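Input: a single structure, listed below in structure tokens.
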């Protein structure tokens, strides 16, 4: 299983958050950098991957309700797709 560690302190904008996720998760160029596309691509993933997102409190502070929605999207994708798991650290 591939483990990816991301630091939310580096996700200061919505665009930056999606750019870091896209790069780390090797998303295709057509990734639309929105929550719907994020969810869809995570569901399609067949490579066992564990994402560790550190500093989620900072993500919520930087992105507000969008940060909360981003965390929910990651959680929901991990429930639906058994090959993708996620854990959060404040």
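Numbering (the numbering used here), first residue to last: 1095 to 1184. C-beta: ideal position from N, C-alpha, C; glycine also. Being a predicted model, the structure only gives us computed values, none of them experimental.
Where the beta strand (DSSP E) through residue 1096 begins and ends:
1096-1101
Have a look at residue 1105 and residue 1120 and give me their C-alpha separation to the nearest angstrom.
17 Å
Which runs of the alpha helix (DSSP H) at least 4 residues long sit entirely within the segment 1098-1171? Give them in chain order.
1108-1118, 1129-1138 and 1150-1157
Please report how far the alpha carbon of residue 1160 lies from the alpha carbon of residue 1176, in whole angstroms.
25 Å
Counted within 10 angstroms of its Cβ, other Cβ atoms place residue 1162 as buried (16 or more) or exposed
exposed
Residues near residue 1098 by beta carbon distance below 8 Å, same chain, minus five either side:
1118, 1119, 1143, 1144, 1145 and 1146
Range of the contiguous beta strand (DSSP E) that encloses residue 1179:
1178-1183
Are the Cβ atoms of residue 1136 and residue 1102 separated by less than 8 Å?
no
Whole angstroms is fine: what's the gap from residue 1114's alpha carbon to residue 1169's?
17 Å
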